[in-house]
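In the UniProt record's numbering, the protein residues as written are 1 to 1087.
Here's the structure, in structure tokens; my notes come after.
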Amino acid sequence: MSLDRAPGPARAFVRGKSGNAPFLPGGLEDIAKVSDASIGTIRDVTTDEDMEAFDKADGNYQSRGEIDELLPLDRTYLLSPPSSASRPKAQARILKRDWAHVEDITKPNPEYELLKKNGGLAKEYPFELDSFQKAAVVHLERNESVFVAAHTSAGKTVVAEYAIALATRHVTRTIYTSPIKALSNQKFRDFKITFGSNNVGILTGDVQINPEAPCLIMTTEILRSMLYKGADLIRDVEWVVFDEVHYVSDAERGVVWEEVIIMLPEHVNIILLSATIPNTKEFADWVGRTKRKDIYVISTPKRPVPLEHYLYAGREIFKIVDSKGEFLNIGYKDAGEALRRKQDKEREAAGLPIAVRVGARGARGAIAQRGQRGAPPGRGGPPSRGGGASARTTHHQQDKSLFVHLLGLLRKKDLLPTVVFTFSKRRCEEQASTLNNIDLCSVVEKSEIHVALERALTRLSTSDKKLPQILRTRELLSRGIGVHHGGLLPIIKEVVEILFARGLVRILFATETFAMGVNMPARCVVFSGIRKHDGKSFRDILPGEYTQMSGRAGRRGLDSTGVVIILAGDNLPETHTLHKMMLGTPARLQSQFRLTYNMILNLLRVEALRVEEMIKRSFSENASQRLLPDQQKKVTENEKILGSLPKLSCDICQPSIEDYYDRSAEITQLNQRILWLASKHPQGNRMLSAGRVVILKDGHFPSNIGVLLKIASFQVTATGVLDHTKVYFVLAYVSPETKAHKNDLDVILPQWPPSPLSLLVEDGVYEVSKVSFASIAMVTTRSIKIDVGDITERHKISSMNEVILQLNEIVHEWISEGLDRVPEVDWGRIRQLEFQDVVRKRENLADGLANMACLTCPNFENDYQILHGEKVLRSNIAMLKLAISDQNLELLPDYEQRVQVLKELKFIDENATVLLKGRVACEINSAHELVLTELILENALAGYEPEEVVALLSCFVFQEKTEAEPVVPPKIQAGQETIMKIVERIEAAQLRNNVGEDLNARIKFGLVEVVYEWAKGMPFEQITALTDVAEGTIVRVITRLDETCREIRDAARVIGDTELFKKMEEAQIKIKRDSRFHVILFRVANY
């Protein structure tokens, strides 16, 4: 794991190899002291010499490899990590400190001005930097990590650019990671312009260009793989930029970000870029604590271009939020009136009578319709999916006129270019189709668009150029109209992005992904609806989502304000919905950390890394890990106090006092169980009804008689959850000191049974309180008649005084009768087996308790207090140590269950040593690692041709729905059955070990026929006729399949299967097809 280990083979320089151990993650230096470079080195199943067979099998490996031929032959410089003169020495470790430091960017920044004056800046800008950018630059110059949170288009990229410039100066590397491919491609284009083509490279699952460049752009998943496989390239890295950090909250992929941050070596500095979020300091504190680095939080609430928000209703727009963020009720009301006038005209034109309107709160009147009872448009009825389509017209009919009129308004008010956000790929296409007669381009612009398209598509074959999607997009673009969504071919999406950036696309219909990081500002943003399907159900878009998309409105330096318009359709959204969405606080960053088999196996194969350490360092454990220094300090303090306590030396107490204490404590616990079970039984409920006399003993009540009044209603906790703990109102007979809370204790002495003498009080008063079962030491045989209403509702003092007189009389009766214990209710009347078992257990513990020798000691009370103090301290120490230990980790049970699955399936042995199966699974990232590993090692792929193999593998990477039923040969059907048998076997193992993961839902054979015919060479135009799945989705599946094939090829190296290696090589060639279509699959625009 040491950076001093010898570099590996050249072919593994960029992506690493499974035989490498990962470099020691930063922050783990105190846990894993590695003095020998051999520690953590993994003995591979195959040696480098054994690879000759594979290199021969991989005939044109050198000709196709973009990496090895570009690397210098002498790579001894890799033996030490990068350094710079400005790098400060590591600070001493301290147990507790703040790792996140919030910068005040309102203060002057003389350090930046001095750098600029002396020509010390690594990169000069032709414009004056904002204060947050200057602050970030200063910290980067100091070699410090930063978290920059700012609104969309505020200029966060400047920080990334400066890091790249610094790395170039230091002759090191910067890795830029992004959550989506579109952002990676755009940054690749932008950075090439800024830093030159030779200085920028890109590395994704399907593209590898210029990997030796000082600046490498890649997906987070690729970086994770490089870290686990100990890629030598990591030695050179000085900065890693995480763009769109709020993506860490993504349920599916957020875990990858946490893994990468945890796994980065100590010498790598971190730059976090994010939209504004409420818990920047919390997240930065987690990163800092995990990496043992100071993280400087630089936030700016300032939006470069202020936004104004409008409702589109009745073919007009009405401002509802001004540029200062004030909600304008008058604009909302005017929009409602305009909508009604429009509806009246439509009804009149259709020959229908004008609807009678009735009054409604917040509006001047509304159409009285069934199910709405006088609600204004948008109120009372269920919201539609698209944000309010009419019940009387289809979506398409509504949109046909809607977008024609909207575009006319946008042109009239000079609000082009515009992005229309729609939460459906199909609706994007439909909405663009409504503008068939609209042309927004001049002759010159048409020519420029034509040239750009021809350059982009020049390498496609004539038949591919005639693909329906390409023809349609070409026609739309020629009129200044664009569409952008996941169903488009990659090359088409890139052309659209570039033409939009050049201002040649005037109106763009896009899905939400267009807003994710891609720097494509517009004059105006339009929401065709404010509801979306999140994969589970339809819901209103969240404030953070709205902010992300609306932030595309307003071009810095061109527009004084950005305009955001919400289409009302036939319904106005509720005001509270608009308030929450437009002005609400974005969601906090939340950990989506979860354990995967791949992660567990990758960590188990390295002795110096423990899975528990990974869990501890996850963002999900941040709150508990922050308390560790305090808890460790408390353990030390309590142990010190424990050591100073006087020791019991009484010969009378010594033999039995501890047994007496332990029995009494257990009886107290059993009493609570008895009461809880009694409350669940009809007879028990009668025993616990109003008027029942009880003995109260807790931290507040030392030992007091009281009476039950009634059950209190359930309370809502601070977190908003309903607490179902049963609580009773009681009236207690207490001393004035008790009522004043003068003698409250944290922990009480366990003593059983209560004695009547302990209930005596001087100058007793009443106290009404709420108590749980934990406060009720005993339910007595006595009941008294009370008027509960007089006490709990009317608060009659005379009634309460009357009750305490009765309670006092009862105590004196017990004393006069010479009772040494309070008489307890007869629990034998509750004839329930479990209940009686608990009662008998308590009785067995109580037998002989009163005859113990320690009770005869004259100093018993004092000795019992000493023992109590010791027991409490030992209990506190044990609880603190448990909180500190791995046993308190939330994900530990899931880890243990998954380990059992791996043992049962022989991926690891009983000592958790990774076996051959486990080593193969470490290679698999793009598919389910267990299923695919079983498929490989059962040699289930041996009898299939390459095109049949990739067809079967498509079930792992295709995740969408399709109505088209694939038609495939019987041989492939048999392969599908084999896969499902493996899935069932693994699911059965998971079920036996309580691992909740639905594998069946992840295996989809919907594109088996498509991929099969594709690999056989069927023209793409015919391929699209086989399925209802969009072209872009098909291409995405094929590109992911290329990555899966590469992983299986690497797995073949691990197990020494040259035949499988050759087969996967051939499969890759077949799905990539000829060079002309390669551009449609893997194109990164260069125009």
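Glycine residues also receive a C-beta, built at the ideal position from the N, C-alpha and C atoms.
Since the structure is predicted, the reported quantities are computational estimates derived from the model, not experimental observations.
> Helix, strand or coil for K796 per DSSP?
Replying inline: Counting from one through the sequence shown, the residue named residue 796 turns up at place 796. Of the three classes helix, strand and coil, the one that applies to K796 here is coil, per DSSP.
> Which whole-angstrom value describes the C-beta separation of V949 and L941, a residue pair presumed to lie in contact below a C-beta threshold of 8 Å?
Replying inline: Within the sequence shown, numbered from 1, the residue matching residue 949 stands at position 949. Within the sequence shown, numbered from 1, the residue matching residue 941 stands at position 941. So it is a contact: roughly 5 Å between Cβ atoms.
>> If I measure Cβ to Cβ from H928 and keep anything under 7 Å in the same chain, skipping five residues before and after, which residues do I get?
In response: Residue numbering aside, residue 928 sits at position 928 when the sequence shown is read from its first letter. Counting only Cβ-Cβ distances below 7 Å, and skipping sequence neighbours, we find F956, L999 and R1002.
> Just to confirm, are L567 and Y312 a CB contact at a threshold of 8 Å?
Replying inline: Residue numbering aside, residue 567 sits at position 567 when the sequence shown is read from its first letter. Residue numbering aside, residue 312 sits at position 312 when the sequence shown is read from its first letter. Their beta carbons are under 8 Å apart, which means L567 touches Y312 by this criterion.
> Rounded C-beta distance between S463 and E987? I'm assuming under 8 Å.
Replying inline: As a working mapping, residue 463 is identified with position 463 in the sequence shown. As a working mapping, residue 987 is identified with position 987 in the sequence shown. Going by Cβ atoms, the distance from S463 to E987 rounds to 44 Å, so no, they are not a contact pair.
> DSSP three-state call for N198: helix, strand or coil?
Replying inline: Sequence index remark: in the sequence shown, residue 198 carries index 198 (1-based). Three-state DSSP puts N198 in a helix.
>> Please state the DSSP three-state secondary structure of M218.
In response: The residue you call residue 218 lines up with position 218 of the sequence shown. If DSSP states are grouped into helix, strand and coil, M218 belongs with the strands.
> Rounded to a whole number of angstroms, what is the C-alpha to C-alpha distance between T547 and Y112?
Replying inline: Here residue 547 is taken as the residue at index 547 of the sequence shown, counted from 1. Here residue 112 is taken as the residue at index 112 of the sequence shown, counted from 1. Approximately 31 Å, taken between the alpha carbons.
>> Taking 8 Å as the threshold (C-beta atoms), are Y733 and L807 in contact?
In response: One-based indexing of the sequence shown puts residue 807 at position 807. One-based indexing of the sequence shown puts residue 733 at position 733. The answer is yes: Cβ separation under 8 Å.
> What is the C-beta distance between L595 and D909, in whole angstroms, given that I count them as a contact (C-beta under 8 Å)?
Replying inline: Within the sequence shown, residue 595 is the residue found at index 595, counting from 1. Within the sequence shown, residue 909 is the residue found at index 909, counting from 1. The Cβ separation is near 20 Å, so there is no contact.
>> Would the stretch 144–152 count as touching the stretch 183–195 if we require 3 or more Cβ pairs under 8 Å?
In response: no
> Across which residues does DSSP place N704 in a beta bridge pair?
Replying inline: Translated into positions along the sequence shown, residue 704 becomes position 704. According to DSSP, which records beta bridges pairwise, N704 is partnered with L696.
> Unbroken alpha helix (DSSP H) runs of length 4 or more, entirely within the stretch 518–577: which are they?
Replying inline: 543–550
>> I'd like to know whether the C-beta atoms of E960 and T1033 end up nearer to each other than 8 Å.
In response: Walking along the sequence shown from the start, residue 960 turns up at place 960. Walking along the sequence shown from the start, residue 1033 turns up at place 1033. Taking 8 Å as the Cβ cut-off, E960 and T1033 qualify as a contacting pair.
>> If distances are taken between C-alpha atoms only, which option among D790, N994, G869 and T1027 comes closest to Q900?
In response: Here residue 900 corresponds to residue number 900 of the sequence shown, with the count starting at 1. Of D790, N994, G869 and T1027, the residue nearest in Cα terms is N994.
> Ordered along the chain, which non-local residues of its own chain (more than five positions away) have a Cβ less than 6 Å from that of L902?
Replying inline: As a first step, residue 902 must be located in the sequence shown, where it is residue number 902. Correct list, in chain order: I908.
> What are the start and end residues of the beta strand (DSSP E) that includes M778?
Replying inline: On the sequence shown, position 778 is the one that residue 778 refers to. From DSSP, the beta strand (DSSP E) with M778 extends over I776 to S783.
> Quick one: what's got a C-beta closer than 7 Å to E639's C-beta in the same chain, skipping five residues either side?
Replying inline: Start at 1 with the first residue of the sequence shown, and residue 639 comes out as number 639. Excluding residues within five positions, the ones whose Cβ falls inside 7 Å are I877.
> Going straight from the alpha carbon of G65 to that of E896, what length do you get?
Replying inline: The count along the sequence shown starts at 1 and reaches residue 65 at position 65. The count along the sequence shown starts at 1 and reaches residue 896 at position 896. Annotation note: pLDDT 37 at G65 (below 50); position unreliable, coordinate value reported separately. If I take the Cα positions, the gap works out to 41 Å.
> Does the distance from the C-beta atom of F773 to that of Q669 stay below 8 Å?
Replying inline: Walking along the sequence shown from the start, residue 773 turns up at place 773. Walking along the sequence shown from the start, residue 669 turns up at place 669. Contact flag unset, no.
> With a CB to CB cut of under 6 Å and the five nearest residues on each side skipped, what residues in its chain are close to M582?
Replying inline: Sequence index remark: in the sequence shown, residue 582 carries index 582 (1-based). The answer, listed in chain order, is H309 and V321.
> In angstroms, rounded to a whole number, what distance separates the CA positions of Q632 and G699?
Replying inline: Here residue 632 corresponds to residue number 632 of the sequence shown, with the count starting at 1. Here residue 699 corresponds to residue number 699 of the sequence shown, with the count starting at 1. Computed Cα separation, rounded: 26 Å.
> If we count the other Cβ atoms within 10 Å of its Cβ and call it buried at 16 or more, is Q973 buried or exposed?
Replying inline: Here residue 973 refers to the residue found at position 973 of the sequence shown. With fewer than 16 Cβ atoms within 10 Å of its Cβ, Q973 is classed as exposed.
> How is the alpha helix (DSSP H) around T418 delimited, first residue to last?
Replying inline: The residue labelled residue 418 in the question sits at position 418 within the sequence shown. Here T418 belongs to no alpha helix (DSSP H); instead the beta strand (DSSP E) covers T418 to F421.
> Thinking C-beta only, is G918 closer than 8 Å to R601?
Replying inline: The residue you call residue 601 lines up with position 601 of the sequence shown. The residue you call residue 918 lines up with position 918 of the sequence shown. This sequence places Leu at residue 601; Arg is not what is there. Closer than 8 Å, so yes.
>> Alpha carbons only, please: which of S550, N598, T422 and L677 is nearest the one belonging to R531?
In response: Along the sequence shown, one-based indexing puts residue 531 at 531. Of the candidates S550, N598, T422 and L677, the one whose C-alpha sits nearest the C-alpha of R531 is T422.
> Just reading off the beta strand (DSSP E) that N269 is part of, what are its end residues?
Replying inline: What you label residue 269 is simply residue 269 of the sequence shown in a count that begins at 1. Here the beta strand (DSSP E) through N269 covers N269 to S274.
> Mind checking E124: buried by the 16 CB within 10 Å criterion, or exposed?
Replying inline: Position 124 of the sequence shown, counted from the start, is the residue given in the question as residue 124. Exposed is the call here.
> Between I105 and F132, what straight-line distance do the alpha-carbon atoms span, to the nearest angstrom?
Replying inline: Within the sequence shown, the letter at position 105 stands for residue 105. Within the sequence shown, the letter at position 132 stands for residue 132. I105 and F132: Cα-Cα distance of roughly 6 Å.
> Using the beta-carbon count (16 or more within 10 Å), is D837 buried or exposed?
Replying inline: Within the sequence shown, numbered from 1, the residue matching residue 837 stands at position 837. Per the 10 Å Cβ criterion, exposed.
> Do the stretch 801–816 and the stretch 762–780 meet, that is, are 3 or more Cβ pairs less than 8 Å apart?
Replying inline: yes
> If we count the other Cβ atoms within 10 Å of its Cβ and call it buried at 16 or more, is S225 buried or exposed?
Replying inline: In the sequence shown, the residue the question calls residue 225 occupies position 225. With 16 or more other Cβ atoms within 10 Å, it is buried.
> What did DSSP end up calling Y660 once you bin it into helix, strand or coil?
Replying inline: Counting from one through the sequence shown, the residue named residue 660 turns up at place 660. The answer is helix: DSSP assigns Y660 an H, G or I state.
>> Within 10 Å of its beta-carbon, does K616 have 16 or more other beta-carbons around it, so buried, or fewer, so exposed?
In response: By one-based count along the sequence shown, residue 616 stands at place 616. Answer is buried; the Cβ neighbour count reaches 16.
>> Is there a Cβ of chain C sitting closer than 8 Å to that of L499, yes or no?
In response: Of the chains in the structure shown, none is chain C; there is only one protein chain.
> By a C-beta neighbour count over all protein chains shown, 10 Å radius and 16 as the cutoff for buried, is E965 buried or exposed?
Replying inline: Taking the first residue of the sequence shown as 1, we reach residue 965 at position 965. Flag for E965 reads exposed.
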